[in-house]
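Protein chains in written order, with our numbering: chain F, 964 to 1075; chain W, 8 to 120. All C-beta atoms in this analysis are idealised placements derived from N, C-alpha and C, irrespective of residue type, glycine included.
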């Protein structure tokens, strides 16, 4: 079993829809949770960063962490065609390396 | 903004060649990483470095080596390129001993023929 599981998609939605992207994990030591967005033929860029449980909002994006369920989500409101990309979750524990463990990514397509 | 620059966007090399992939970051980060990314397999860590001249193996180091002679530069070396090393290679950096996310370069798409 992988430490971090993420549905690869693709997820296809119409413009304006609310998108929900999710990851589950198995390591209860994880405390730092991130979402990266990766456009085709580009490197991933950090989109959201959260510590421990709770919600964090940034514009149309909301990151949610439920440590009791070992489940994290990224919500995108009023989705736009420019949101079409692969979204990777990533997480780490509070050890000396803080090495990130990545999900395999979900491909999102927002149709005009 | 932190910049991580990978020297080549696209490379085509022949089987058996020695290949050098270069990565430079401009924000004095201690930690640097090399990943490869393949469809269906996600990001896999090849090597990482916590400081100059220090290196540690990641999950898939076979067939690769690295060099970090200066803090800002982390090189990935394919000793004898093979077709199964055709992939997207991503370099990343981060401040030392921190929980911050990584900053990635734009990637090098390597094709070995």
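Practice task
Flag this pair as yes or no: are the beta carbons of residue 56/W and residue 81/W separated by less than 8 Å?
Solution key: Residue 56/W sits at position 49 when you count from the first residue of the second chain. Residue 81/W sits at position 74 when you count from the first residue of the second chain. Yes; because the gap between Cβ atoms is below 8 Å, this pair is in contact.
Problem - Proximal residues, the stretch 71-84 of chain W versus chain F, C-beta separation under 8 Å - result: none
Exercise for the section: Return helix, strand or coil for residue 90/W, following the three-state DSSP convention. Expected result: The residue you call residue 90/W lines up with position 83 of the second chain. In the structure shown, residue 90/W sits in a helix (DSSP, three-state: H, G or I).
Problem - chain F contacts from the stretch 41-53 of chain W (Cβ-Cβ distance under 8 Å) - result: 47, 48, 49, 50 and 52
Exercise for the section: Give a yes or no on whether the minimum CB-CB distance between residue 23/W and chain F is below 8 Å. Expected result: Counted from its first residue, the second chain places residue 23/W at position 16. Not an interface residue.
Exercise for the section: Put residue 1044/F into one of helix, strand or coil per three-state DSSP. Expected result: What you label residue 1044/F is simply residue 81 of the first chain in a count that begins at 1. Helix at residue 1044/F.
Practice task
Put residue 1001/F into one of helix, strand or coil per three-state DSSP.
Solution key: Walking along the first chain from the start, residue 1001/F turns up at place 38. Residue 1001/F falls in the strand class under three-state DSSP.
Exercise for the section: Report yes if the C-beta distance between residue 64/W and residue 35/W is below 8 Å; otherwise report no. Expected result: Taking the first residue of the second chain as position 1, residue 64/W is located at position 57. Taking the first residue of the second chain as position 1, residue 35/W is located at position 28. Not a contact, by the Cβ cut-off of 8 Å.
Problem - 7 Å CB neighbourhood of residue 1048/F in its chain, flanking five on each side removed - result: The residue labelled residue 1048/F in the question sits at position 85 within the first chain. Excluding residues within five positions, the ones whose Cβ falls inside 7 Å are 1000, 1001, 1002 and 1071.
Handout entry: Under 8 Å between C-beta atoms of residue 991/F and residue 1019/F
Key = In the first chain, the residue the question calls residue 991/F occupies position 28. In the first chain, the residue the question calls residue 1019/F occupies position 56. No.
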